[in-house]
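Peer 1: Residues in the sequence shown are numbered consecutively from 3, following the working numbering.
Just so you know, even glycine gets a beta-carbon here, dropped at the ideal spot from N, CA and C.
Below is a structure I'd like to ask you about.
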Amino acid sequence: MKREEEAVLLRIFIGESDKYRGKPLYQYLLEMFRKEGLSGATVFRGIAGFGKKSVLQATSILRLSTDLPIVIEVVDTREKIERIKPIIDEAVKEGLVTEEKVRVFLYEG
């Protein structure tokens, strides 16, 4: 069965070395999303990228970067996304968050 609805997609761009409350920031956010009852989230580890400071971070056979780019995507209802924004504001000290309205096609068996 297919269900279609409006939702909000947040993308959170941070560095792999970013921490919050003694753990990797991406891990803290993922656990918080789960605790807050969001539908799901995914963490992507980039192989290369740069941010505001224009420092190029990349994996290499000769040198492994310790601060590769991380992107966290979370999709849910507007209400749930609005509820977690203050927590994100508190936890993310450096990074970028984007938000967009999306149409979700949910396939359920």
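Going by alpha carbons, who is nearest to LEU40 out of TYR109, GLU75, LEU98?
Peer 2: Taking the sequence shown and counting its residues from 1, one reaches residue 40 at position 38. Measuring from the Cα of LEU40, the nearest candidate turns out to be GLU75.
Peer 1: Since ILE83 contacts TYR28 with CB under 8 Å, what's their CB separation in whole angstroms?
Peer 2: Numbered from its first residue, the sequence shown carries residue 83 at position 81. Numbered from its first residue, the sequence shown carries residue 28 at position 26. Between TYR28 and ILE83 the Cβ distance is about 18 Å, and since that is not below 8 Å, they are no contact.
Peer 1: For ARG23, which residues in the same chain have their Cβ closer than 7 Å to its Cβ, ignoring the five residues on either side in sequence?
Peer 2: For the purposes of this step, residue 23 is taken as residue 21 along the sequence shown, with counting starting at 1. TYR30.
Peer 1: With DSSP as the reference, identify every bridge partner of PHE107, one or two as the case may be.
Peer 2: Counting from one through the sequence shown, the residue named residue 107 turns up at place 105. Paired residues: GLU6.
Peer 1: Spatial neighbours of ALA9 within its chain, please: CB distance less than 7 Å, with the 5 preceding and 5 following residues excluded, ordered by chain position.
Peer 2: The residue given as residue 9 occupies position 7 in the sequence shown. Cβ within range, chain order: VAL77, ASP78, THR79, VAL104, VAL106.
Peer 1: Closest to VAL99 by CA distance: which of LEU12, LYS4, GLU7, GLU6 is it?
Peer 2: Along the sequence shown, read from residue 1 onward, the residue named residue 99 stands at position 97. VAL99 has its Cα closest to that of LEU12, out of LEU12, LYS4, GLU7, GLU6.
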